[in-house]
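See structure below.
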Amino acid sequence: MLCHSSYLYHLHLLVLFIFCSISAIWAQQNDDPTIRTMEAFSGYPIHESNSFASDFVSSLSVDTQTLQKQIEELSTFSDTPAPSVTRVLYTEKDVLARGYIKNLMQLSGLTVREDAVGNIFGRWTGDEAELAPVATGAIEAINVLKRSGFKPRKSLEVIMFTSEEPTRFGISCLGSRLLAGSEAFAKSLISTVDSQNISFLEAARSAGYAKEHDDLSVVFLKKGSYSAFVELHIEQGPILEDEDTSIGVVTAIAAPASIKVDFEGNGGHAGAVLMPNRNDAGLAAAELALAIEKHVLESGSIDTVGTVGILDLHPGAINSIPSKSHIEIDTRDIDEKRRNTVIEKIHQSAITIAKNRKVRLSEFKIVNQDPPALSEKSIIEAAEAASKELNLTDKLMISRAYHDSLFMARISPMGMIFIPCYKGYSHKPEEYASGQDIANGVKVLALTLAKLSLQ
Numbered sequence: 074m075l076c077h078s079s080y081l082y083h084l085h086l087l088v089l090f091i092f093c094s095i096s097a098i099w100a101q102q103n104d105d106p107t108i109r110t111m112e113a114f115s116g117y118p119i120h121e122s123n124s125f126a127s128d129f130v131s132s133l134s135v136d137t138q139t140l141q142k143q144i145e146e147l148s149t150f151s152d153t154p155a156p157s158v159t160r161v162l163y164t165e166k167d168v169l170a171r172g173y174i175k176n177l178m179q180l181s182g183l184t185v186r187e188d189a190v191g192n193i194f195g196r197w198t199g200d201e202a203e204l205a206p207v208a209t210g211a212i213e214a215i216n217v218l219k220r221s222g223f224k225p226r227k228s229l230e231v232i233m234f235t236s237e238e239p240t241r242f243g244i245s246c247l248g249s250r251l252l253a254g255s256e257a258f259a260k261s262l263i264s265t266v267d268s269q270n271i272s273f274l275e276a277a278r279s280a281g282y283a284k285e286h287d288d289l290s291v292v293f294l295k296k297g298s299y300s301a302f303v304e305l306h307i308e309q310g311p312i313l314e315d316e317d318t319s320i321g322v323v324t325a326i327a328a329p330a331s332i333k334v335d336f337e338g339n340g341g342h343a344g345a346v347l348m349p350n351r352n353d354a355g356l357a358a359a360e361l362a363l364a365i366e367k368h369v370l371e372s373g374s375i376d377t378v379g380t381v382g383i384l385d386l387h388p389g390a391i392n393s394i395p396s397k398s399h400i401e402i403d404t405r406d407i408d409e410k411r412r413n414t415v416i417e418k419i420h421q422s423a424i425t426i427a428k429n430r431k432v433r434l435s436e437f438k439i440v441n442q443d444p445p446a447l448s449e450k451s452i453i454e455a456a457e458a459a460s461k462e463l464n465l466t467d468k469l470m471i472s473r474a475y476h477d478s479l480f481m482a483r484i485s486p487m488g489m490i491f492i493p494c495y496k497g498y499s500h501k502p503e504e505y506a507s508g509q510d511i512a513n514g515v516k517v518l519a520l521t522l523a524k525l526s527l528q
């Protein structure tokens, strides 16, 4: 009996050893990230071959024709004729465009909701709905996964952010800034007015939003609301096109800042007031614009940039000396400290110029001064792997333009995917990305979302 028990014990150990050895071999064979993803996707182990994994990747198809049609239809909601698109926040065209997006979300089978400022959310509920979702901004990426038969573990959510561009109140990424939970920004937005002296709340309510809330903190999302946020965008620069590279995987987003400056002088008639007696607010603004260029160049880094995008003069007549000037400045850097040094130098120059030209510096307002954001390592790796599995070339890049991802990084791990655009053009009617490049980006995004949903 003792010998029999010993035999069974050693037999058990032998079976356990063989099982563990086979499991270890399988684990080594299945260390490929595609196989791991597809095993999770299918619910079955893939030991025999990579055929299922490759079949899934090859099944990812973008309906380029329909996508292009949707982009063209969306562009018709504009206050200016094609090829430009002008859609100002909370105007009639903006409201119509929002309805179009909500309809697309519903056609894709997403559950749609809106918050108090008009951020629109469309959710595809996953098998484990209690887990924090993976978010993005591309409806077609969801459609690609649905067509492939994919079933998400974590829910997938599409977000259309309110006012990514500063079209009305001079504030970029307004919706995502609020989602990120800045109390100071939410309070300041209440008293913000547009060029027609219409307040933010008045404008929002005219479009059907913020009707029950003066406190915009109801929009805030808690940190960890999403397990990942991944944004697809054109590069807005020429590098990918010049290097014939299909995909840019973003590692960091530069730190932006916006400044408003007002000078006030005496004005007067252009012929009657002699040069030594002038207090010209227009020349003060012009001198400051040149000082900004000087300070940026003196930073010693190619990553430091500064732009005067707005310069307004009052009364704006050819025969009148400007009595008031208003300029708006955009300065950015991947190094926050270096950027802040430039801002301080600009401020000191404004003070000195006002004193020397005997005008008044009536306002020097830093509208926003945001820190840079780093992409999450796991998202970078997922996007790189997706590119390679789709046989697309890719490179790691810094985003010198900023996006909603900059603010989503405050509440969620973040990543971005770039595609090439014609000559790097952006924010002008010549902006263009080919159908093939758009399709490549959507596929990489879809596969990246699949990987993140199954983690």
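Reading the sequence shown from the start, the letters are residues 74 to 528 in my numbering.
Cβ coordinates follow ideal geometry from the N, Cα and C atoms, glycine included.
Leu-361 burial status per 10 Å Cβ neighbour count (16 or more: buried): Indexing the sequence shown from 1 puts residue 361 at position 288. The residue is buried, with at least 16 neighbouring Cβ atoms inside 10 Å.
C-alpha distance - Ala-208 paired with Val-231, whole-angstrom precision: Along the sequence shown, one-based indexing puts residue 208 at 135. Along the sequence shown, one-based indexing puts residue 231 at 158. Cα to Cα, the separation comes out at about 6 Å.
Between the CA atoms of Leu-305 and Gly-379 - distance to the nearest angstrom: By one-based count along the sequence shown, residue 379 stands at place 306. By one-based count along the sequence shown, residue 305 stands at place 232. Roughly 25 Å between the two C-alpha positions.
Element boundaries [alpha helix (DSSP H), containing Thr-414]: For the purposes of this step, residue 414 is identified with residue 341 of the sequence shown, where counting begins at 1. Where Thr-414 is concerned, the enclosing alpha helix (DSSP H) stretches over 409-429.
Residue range of the unbroken alpha helix (DSSP H) whose run includes Val-309: As a first step, residue 309 must be located in the sequence shown, where it is residue number 236. In the sequence under discussion, the amino acid at residue 309 is Gln, which differs from the Val named in the question. Gln-309 -> no alpha helix (DSSP H), and no H or E assigned at all.
Met-481 beta carbon less than 9 Å from that of Thr-324: Here the question's residue 324 lines up with position 251 in the sequence shown. Here the question's residue 481 lines up with position 408 in the sequence shown. Against a cut-off of 9 Å, the Cβ pair of Met-481 and Thr-324 comes out as no contact.
Nearest-angstrom Cβ-Cβ length linking Ala-189 and Tyr-282, presumed shorter than 8 Å: Residue mapping note: residue 189 aligns to position 116 of the sequence shown, counting from 1. Residue mapping note: residue 282 aligns to position 209 of the sequence shown, counting from 1. So it is a contact: roughly 6 Å between Cβ atoms.
Enclosing alpha helix (DSSP H) for Asp-317 [first to last residue]: Taking the first residue of the sequence shown as position 1, residue 317 is located at position 244. Looking at the DSSP string, Asp-317 is not in any alpha helix (DSSP H), and its letter there is neither H nor E.
Proximity winner among Glu-366, Thr-425 and His-342, relative to Gly-389 (alpha-carbon distances): Here residue 389 is taken as the residue at index 316 of the sequence shown, counted from 1. The residue with the shortest Cα to Cα distance from Gly-389 is His-342.
Contacts around Gly-254, its chain only, beta-carbon distance under 6 Å, and the 5 residues preceding and following it disregarded: As a working mapping, residue 254 is identified with position 181 in the sequence shown. The answer, listed in chain order, is Phe-293.
From Ile-174, Arg-351 and Ala-359, residue whose alpha carbon lies closest to that of Asp-335: Residue mapping note: residue 335 aligns to position 262 of the sequence shown, counting from 1. Between Asp-335 and the set Ile-174, Arg-351 and Ala-359, the nearest pair of CA atoms involves Ala-359.
Candidates Val-217, Ser-249, Ser-451 and Ser-272: closest to Val-322 by CA position: On the sequence shown, position 249 is the one that residue 322 refers to. Nearest neighbour of Val-322 by Cα position, chosen from Val-217, Ser-249, Ser-451 and Ser-272, turns out to be Ser-451.
Given Val-369 as reference, the closest of Asp-152, Thr-414 and Ala-423 once Cα atoms are compared: In the sequence shown, counting from the first residue as 1, residue 369 sits at position 296. Taking only the C-alpha atoms, the option nearest Val-369 is Thr-414.
Minimum C-alpha distance to Asp-353 - residue among Ser-398, Gln-309, Gly-243 and Ser-422: Residue mapping note: residue 353 aligns to position 280 of the sequence shown, counting from 1. The shortest Cα separation from Asp-353 among Ser-398, Gln-309, Gly-243 and Ser-422 belongs to Ser-398.
Extent of the continuous alpha helix (DSSP H) to which Ala-208 belongs: Within the sequence shown, the letter at position 135 stands for residue 208. Under the DSSP assignment, Ala-208 falls outside any alpha helix (DSSP H), being part of the beta strand (DSSP E) whose first and last residues are 207-209.
Euclidean distance between Cα positions of Ala-301 and His-387: Counting from 1 along the sequence shown, the entry for residue 301 is found at position 228. Counting from 1 along the sequence shown, the entry for residue 387 is found at position 314. Separation of Ala-301 and His-387 (C-alpha to C-alpha, rounded to the nearest whole angstrom) is 47 Å.
Cβ-Cβ separation, Asp-406 to Ala-328 (assumed contact under 8 Å), whole Å: Your numbering for residue 328 matches position 255 in the sequence shown. Your numbering for residue 406 matches position 333 in the sequence shown. Yes, Ala-328 and Asp-406 are in contact; Cβ-Cβ is about 6 Å, under 8 Å.
Residue ranges of each beta strand (DSSP E) within the region 308-396, 3 or longer: Those beta strand (DSSP E) runs which fall completely within the region 308-396 and span 3+ residues are 320-326, 328-337 and 378-387.
Three-pair Cβ contact test at 8 Å for the region 363-377 versus the region 418-426: Judged by pairs of C-beta atoms under 8 Å, the region 363-377 touches the region 418-426, as three or more such pairs exist.
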